[in-house]
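Residues in the sequence shown are numbered from 1 upward in steps of one, following full-length UniProt numbering. Beta carbons: idealized from backbone N, C-alpha and C, even for Gly.
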Amino acid sequence: MASSTSQTAKAASNIVVRAFLDSGAPEGSTDYTTVVVLHGWGWHGGVFRKMLPLAAQSNARLVLVNRRDYPGSEPYTPEERATLIRLATGAPSPESDAEAQAFMRDRVKEFYDYLVDFVRRENIPRPQGNTGGLIIAGWSLASAWLTALLAHVRSFKEEDVKLSEYVRRVILYDSSHFCYGYTPPPNSYQPLLDTSLSEKERVEKFGIYITGYYVHGDVWKDGPSALEFRTPLAEPAPGGSEGLLAQMMVVHGVIVAARQGAFYPKQPEEGASNWENVEVRHLWCDRSVWEMPWGTKMLKEEIDEAKKAGKHVRDVVFARLVGGNHFAHWDMPDKTLKAFLTDDTVVE
Numbered sequence: 001m002a003s004s005t006s007q008t009a010k011a012a013s014n015i016v017v018r019a020f021l022d023s024g025a026p027e028g029s030t031d032y033t034t035v036v037v038l039h040g041w042g043w044h045g046g047v048f049r050k051m052l053p054l055a056a057q058s059n060a061r062l063v064l065v066n067r068r069d070y071p072g073s074e075p076y077t078p079e080e081r082a083t084l085i086r087l088a089t090g091a092p093s094p095e096s097d098a099e100a101q102a103f104m105r106d107r108v109k110e111f112y113d114y115l116v117d118f119v120r121r122e123n124i125p126r127p128q129g130n131t132g133g134l135i136i137a138g139w140s141l142a143s144a145w146l147t148a149l150l151a152h153v154r155s156f157k158e159e160d161v162k163l164s165e166y167v168r169r170v171i172l173y174d175s176s177h178f179c180y181g182y183t184p185p186p187n188s189y190q191p192l193l194d195t196s197l198s199e200k201e202r203v204e205k206f207g208i209y210i211t212g213y214y215v216h217g218d219v220w221k222d223g224p225s226a227l228e229f230r231t232p233l234a235e236p237a238p239g240g241s242e243g244l245l246a247q248m249m250v251v252h253g254v255i256v257a258a259r260q261g262a263f264y265p266k267q268p269e270e271g272a273s274n275w276e277n278v279e280v281r282h283l284w285c286d287r288s289v290w291e292m293p294w295g296t297k298m299l300k301e302e303i304d305e306a307k308k309a310g311k312h313v314r315d316v317v318f319a320r321l322v323g324g325n326h327f328a329h330w331d332m333p334d335k336t337l338k339a340f341l342t343d344d345t346v347v348e
């Protein structure tokens, strides 16, 4: 298994986003699928490491990429950090909104450049049916990176490596309503937003909240009343810049614009990458915290209504990981990897 050091050494000098861990290509395989996973808020790519030893038996190569300000990838420069602080704490305006959109576009272009460099360096197999090619998964907040990538990729020029010929699937893995810019339901609860708690208490309670297993009712039939907002099951028991970036994305409408750009695709610019026919899969865990089933419901309803209205909307495959919570990749790594690779829409 490659380490973050060896992966960093291989990357081109201009690449600022890098792999933290890499299972390596399965020995002797010429048609393996490369699964690139982007982590969420607060947990780096190491949170997926239990999946690494399972990759080869599934004819897959698992590459765990860290975003900037996480180990192995470049920190933000003082200038970038100053811009981020100014945008996150400033009021929205046409000028600042455009600057925030450009800031996010630059971040997903860095990830795109990493993927191009990786394909060039590693000479990965091209897609052939259900084998080969790239599957890109973004967990939790990283789903917002992937919707932004889908929205902006139409402006990224293709050169020697045509990434559109390699990407087979994009997975929005256990995304919350926040990642799509939807409003929360009435009377919902999130410990990070609980002003009655100290900052330390918020962080401590969030760790329990986000790692718990929750039993929800039928959110499609009964709406918000079906959601369990606070109390996880007793069994199984729960086990710097991110906040600024998330705040910037909300204040300046970056998350909503990314959702609209991702799911209502426009024609790519001349010579740019065209991902309109790439499969987009929303994978949700049915024992996750309420934010994830709520986000699933809201997205599915929007897509369904857009289709009924005759709008040009992207096809989205909705898949369910039965019994999984927000850390399914840690508690059930085999089922999670299967959910990434399979065409099934229910994984038990």
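In the DSSP secondary-structure assignment, ILE208 is not bridged to any residue. DSSP places VAL17 in the coil class of the three-state scheme, outside both helix and strand.
Close CB contacts of MET298 within its chain, under the 8 Å cut and outside five residues either way in sequence, are with HIS177, TYR180 and TYR182 (chain order).
Considering only PHE327, LEU172, MET51 and THR83, the residue with the shortest C-alpha distance to ARG287 is PHE327. The DSSP-derived three-state label of TRP284 is strand. As the crow flies, the alpha-carbon of VAL289 is around 43 Å from that of ASP160. Annotation: THR183 is outside any beta strand (DSSP E) and is labelled neither H nor E by DSSP. Looking at the DSSP output, LEU38 shares a beta bridge with VAL65 and GLY138. If you keep only unbroken beta strand (DSSP E) runs of at least 3 residues inside the stretch 69 to 99, you get nothing at all. Every alpha helix (DSSP H) stretch that sits fully inside the stretch 119 to 174 and reaches 4 residues is listed by chain position as 142 to 152.
Within the same chain, SER164 and PRO268 come within 6 Å of ASN274 by CB-CB distance, once the 5 residues on both sides are set aside.
The distance from the Cβ of VAL280 to that of ARG314 is about 6 Å, consistent with a contact at the 8 Å cut-off. The Cβ atoms of ALA56 and PHE340 do not sit closer than 9 Å to each other. Using a Cβ distance threshold of 9 Å, ASN66 and ALA19 count as a contacting pair. A check of alpha carbon separations from ILE15 across LEU192, TRP139, SER23 and TYR112 identifies TYR112 as the nearest.
Restricting attention to PRO78, ARG61, LEU38 and GLN101, the CA atom closest to the CA of GLY253 is found in GLN101. In the three-state DSSP reduction, PHE178 falls in the helix class (H, G or I). Out of ALA319, VAL35 and ASP343, the CA that lies nearest to the CA of ARG126 is found in VAL35.
Rounded to whole angstroms, the separation of the alpha carbons of ASP343 and GLU79 is 44 Å.
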